[in-house]
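Engineer: Let me give you the structure first, and then I'll get to my questions.
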Amino acid sequence: MAGKSPQAFRTIGELADELGIAQHILRYWETRFPQLRPLQRAGNRRYYRPDDVALAKRIHRLLNQDGYTIRGVQQVLSGRNKASSPEAEGAPAPAPSPPAEPNSAPPPVAAPAATGTTDRRRLREIRDGLAAGLADSAPSEPPGTP
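Numbering (the working numbering), first residue to last: 1097 to 1242.
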């Protein structure tokens, strides 16, 4: 926010605008991440402290840029995941490889993503490779056709 000090409290609307998400998502995160507990004043108005703002930004980054699930972010925040250290945060566990079809070439393997970049591109490449493999192995006629 341009008009507020970094140390100022943020309302739920201000934080939602800053992150580019809806307010109800922040309220949902409060139910899933016990670490995210803004002050609630009269009328249940939420005021996010600077630490809450930093945590909400971290949750947003893990979910929307790094590709973590809610459960994955919970594990990272609780320290049960090896990716809880700042240098390993951008490296989610590798996806399992599909079983190999007999007499078929293995799908191309994407190079590991550089540290600090999002893995969405890599996940899309994997998805597209799996879809192409399924399309290649699909029967040319529908089942039950003589």
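By construction, the Cβ of each residue, glycine as well, lies at the ideal position given by its N, Cα and C atoms.
Confirm, please, whether the CB-CB distance from Y1143 to P1134 is below 9 Å.
Structural biologist: It is a contact, given that the beta carbons lie within the stated cut-off.
Engineer: Report the rounded CA-to-CA distance for R1141 versus T1107, giving the unit in angstroms.
Structural biologist: The straight-line gap from Cα to Cα measures roughly 8 Å.
Engineer: Mind reading off the beta-carbon distance from Q1170 to R1123? Whole number of angstroms is fine, and I expect it under 8 Å.
Structural biologist: Incorrect: roughly 17 Å between the Cβ atoms, too far for contact.
Engineer: Among P1146, G1139 and W1125, which one has its Cα closest to the Cα of L1159?
Structural biologist: It is W1125 whose Cα lies nearest to the Cα of L1159.
Engineer: Any idea which residues DSSP pairs L1135 with across the strands?
Structural biologist: DSSP, once it has assigned bridges, lists Y1143 as partnering L1135.
Engineer: Mapping the DSSP letters down to three states, classify T1165 as helix, strand or coil.
Structural biologist: In the structure shown, T1165 sits in coil (DSSP, three-state: anything other than H, G, I, E or B).
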